[in-house]
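First comes the structure, then the notes that go with it.
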Amino acid sequence: MHFDHIGIATPDAAGLAALFEELFDAPVAHEETFDGMTVVFLELEDGYFELLEPHEDGAIGKFLEKNGAGIHHVALETDDIEGALQTARDAGITLIDEEPRPGAWGHDVAFLHPKSTGGVLVEFVSH
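Using full-length UniProt numbering, the letters of the sequence shown map in sequence onto residues 1 to 127.
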(Lines of atoms letter the chains of each structure in order from A and count residues from 1; the text may use other names and numbers.)
(Lines give C-alpha, C1' and ligand atoms only; values in the text may rest on other atoms or scores of the structure.)
Protein backbone atom coordinates (compact mmCIF):
# COMPACT_ATOMS: atom_id res chain seq x y z
CA MET A 1 0.00 0.00 0.00
CA HIS A 2 0.96 3.58 -0.43
CA PHE A 3 -0.54 7.01 0.18
CA ASP A 4 -3.11 7.98 -2.46
CA HIS A 5 -4.93 11.08 -1.21
CA ILE A 6 -6.36 13.11 1.64
CA GLY A 7 -10.06 13.88 1.37
CA ILE A 8 -10.97 17.40 2.49
CA ALA A 9 -14.57 18.43 3.14
CA THR A 10 -15.30 21.98 2.03
CA PRO A 11 -18.34 24.14 1.26
CA ASP A 12 -16.42 25.65 -1.70
CA ALA A 13 -14.38 23.18 -3.76
CA ALA A 14 -13.68 25.67 -6.56
CA GLY A 15 -12.36 28.30 -4.15
CA LEU A 16 -10.21 25.85 -2.22
CA ALA A 17 -8.93 24.31 -5.47
CA ALA A 18 -7.85 27.76 -6.70
CA LEU A 19 -6.06 28.44 -3.40
CA PHE A 20 -4.29 25.05 -3.29
CA GLU A 21 -3.38 25.26 -6.97
CA GLU A 22 -1.60 28.57 -6.35
CA LEU A 23 -0.24 27.80 -2.87
CA PHE A 24 1.02 24.26 -3.49
CA ASP A 25 1.43 24.27 -7.30
CA ALA A 26 -1.17 21.48 -7.31
CA PRO A 27 -3.09 21.54 -10.62
CA VAL A 28 -6.56 20.05 -11.00
CA ALA A 29 -6.10 16.48 -12.27
CA HIS A 30 -9.77 15.45 -12.27
CA GLU A 31 -13.17 16.91 -11.43
CA GLU A 32 -16.60 15.33 -11.40
CA THR A 33 -20.00 15.39 -9.79
CA PHE A 34 -20.33 12.13 -7.92
CA ASP A 35 -22.70 10.82 -5.27
CA GLY A 36 -24.34 14.22 -4.65
CA MET A 37 -21.13 16.22 -4.43
CA THR A 38 -18.46 17.93 -6.46
CA VAL A 39 -15.17 16.05 -6.22
CA VAL A 40 -11.94 17.75 -7.30
CA PHE A 41 -8.58 15.99 -7.29
CA LEU A 42 -5.49 18.20 -7.15
CA GLU A 43 -2.26 16.53 -8.18
CA LEU A 44 0.77 16.50 -5.92
CA GLU A 45 4.01 14.71 -6.65
CA ASP A 46 3.15 11.78 -4.36
CA GLY A 47 -0.65 11.76 -4.33
CA TYR A 48 -3.66 14.03 -4.35
CA PHE A 49 -5.82 16.40 -2.40
CA GLU A 50 -9.44 15.31 -2.91
CA LEU A 51 -11.81 18.21 -2.30
CA LEU A 52 -15.38 17.21 -1.42
CA GLU A 53 -18.21 19.75 -1.72
CA PRO A 54 -21.67 18.36 -0.96
CA HIS A 55 -24.76 19.36 -2.95
CA GLU A 56 -27.23 17.13 -1.12
CA ASP A 57 -27.65 15.59 2.29
CA GLY A 58 -25.08 12.91 2.89
CA ALA A 59 -21.95 12.00 4.80
CA ILE A 60 -19.92 15.04 3.69
CA GLY A 61 -22.72 17.49 4.46
CA LYS A 62 -23.14 15.95 7.91
CA PHE A 63 -19.38 16.12 8.46
CA LEU A 64 -19.34 19.83 7.58
CA GLU A 65 -22.28 20.55 9.90
CA LYS A 66 -20.62 18.75 12.79
CA ASN A 67 -16.93 19.61 12.25
CA GLY A 68 -16.69 22.40 9.72
CA ALA A 69 -14.31 22.25 6.78
CA GLY A 70 -11.22 20.10 7.08
CA ILE A 71 -9.64 16.72 6.63
CA HIS A 72 -12.31 14.05 6.19
CA HIS A 73 -10.28 10.92 5.40
CA VAL A 74 -6.94 9.44 4.41
CA ALA A 75 -6.80 7.08 1.43
CA LEU A 76 -4.30 4.31 0.82
CA GLU A 77 -3.96 2.69 -2.59
CA THR A 78 -3.83 -1.07 -2.75
CA ASP A 79 -3.56 -3.55 -5.62
CA ASP A 80 -5.65 -6.03 -3.61
CA ILE A 81 -8.60 -4.25 -1.99
CA GLU A 82 -10.32 -7.54 -1.08
CA GLY A 83 -7.15 -8.72 0.64
CA ALA A 84 -6.78 -5.39 2.44
CA LEU A 85 -10.34 -5.68 3.73
CA GLN A 86 -9.66 -9.24 4.92
CA THR A 87 -6.51 -8.10 6.71
CA ALA A 88 -8.57 -5.38 8.42
CA ARG A 89 -11.25 -7.94 9.41
CA ASP A 90 -8.59 -10.27 10.78
CA ALA A 91 -7.20 -7.38 12.86
CA GLY A 92 -10.65 -6.78 14.38
CA ILE A 93 -11.28 -3.52 12.50
CA THR A 94 -14.90 -2.48 12.01
CA LEU A 95 -15.58 -2.01 8.32
CA ILE A 96 -17.95 0.60 6.93
CA ASP A 97 -17.86 -1.22 3.58
CA GLU A 98 -17.82 -5.01 3.74
CA GLU A 99 -17.17 -5.10 0.00
CA PRO A 100 -15.54 -2.58 -2.35
CA ARG A 101 -17.92 -0.12 -4.02
CA PRO A 102 -17.62 2.34 -6.88
CA GLY A 103 -15.90 5.58 -5.92
CA ALA A 104 -14.92 8.80 -7.63
CA TRP A 105 -12.75 8.72 -10.75
CA GLY A 106 -13.94 5.15 -11.45
CA HIS A 107 -11.94 3.66 -8.58
CA ASP A 108 -13.11 0.92 -6.22
CA VAL A 109 -13.15 2.05 -2.59
CA ALA A 110 -13.88 0.72 0.90
CA PHE A 111 -13.83 2.58 4.21
CA LEU A 112 -12.74 1.50 7.69
CA HIS A 113 -14.60 2.86 10.70
CA PRO A 114 -12.63 5.57 12.56
CA LYS A 115 -13.59 4.07 15.95
CA SER A 116 -11.31 1.16 15.02
CA THR A 117 -8.48 3.17 13.47
CA GLY A 118 -7.50 5.74 16.08
CA GLY A 119 -10.15 8.27 15.08
CA VAL A 120 -9.04 8.39 11.43
CA LEU A 121 -11.47 7.53 8.62
CA VAL A 122 -9.33 5.32 6.37
CA GLU A 123 -10.20 4.56 2.76
CA PHE A 124 -8.74 1.75 0.71
CA VAL A 125 -8.70 2.64 -2.98
CA SER A 126 -7.94 0.49 -5.99
CA HIS A 127 -7.25 2.14 -9.36
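We put the beta carbon where it would ideally sit given N, CA and C, even for glycine.
Just so we're clear, the structure is a prediction, and the values are computed from it rather than from any experiment.
Can you tell me which of the three DSSP states G7 falls into?
Within the sequence shown, the letter at position 7 stands for residue 7. Reduced to three states, the DSSP call for G7 is strand.
Apply the 10 Å Cβ neighbour rule to D4 and answer buried if 16 or more other Cβ atoms are within range, or exposed otherwise.
Against the sequence shown, residue 4 aligns to sequence position 4. With 16 or more Cβ atoms within 10 Å of its Cβ, D4 is classed as buried.
Tell me P100's beta-bridge partners as DSSP assigns them.
Position 100 of the sequence shown, counted from the start, is the residue given in the question as residue 100. In the DSSP output, where bridge partners are listed per residue, P100 has none listed.
Continuous alpha helix (DSSP H) assignments of at least 4 residues falling wholly in the UniProt domain "VOC" (2 to 127)
13 to 24, 59 to 67 and 81 to 90
If contact is defined by three or more beta carbon pairs under 8 Å, each pair taking one atom from either stretch, is the region 8 to 15 in contact with the region 64 to 84?
yes
Are the region 30 to 37 and the region 76 to 94 touching by the rule of at least three beta carbon pairs closer than 8 Å?
no
My assumption, with CB atoms under 8 Å, is that I93 sits in contact with L112. Please give the rounded CB distance.
The residue given as residue 93 occupies position 93 in the sequence shown. The residue given as residue 112 occupies position 112 in the sequence shown. With a Cβ gap of about 5 Å, I93 and L112 count as contacting.
Nearest neighbour of A59, chosen from G83, G7, M1 and S116 [CA to CA]:
Residue mapping note: residue 59 aligns to position 59 of the sequence shown, counting from 1. The candidate whose alpha carbon is nearest that of A59 is G7.
Starting from the C-beta of P114, find all residues in its chain whose C-beta is less than 8 Å away, skip the five residues before and the five after it, and write them out in chain order.
Counted from its first residue, the sequence shown places residue 114 at position 114. V120, L121 and V122.
For F49 and H30, I'd like the C-alpha separation in whole angstroms.
Against the sequence shown, residue 49 aligns to sequence position 49. Against the sequence shown, residue 30 aligns to sequence position 30. Between F49 and H30, the C-alpha separation is close to 11 Å.
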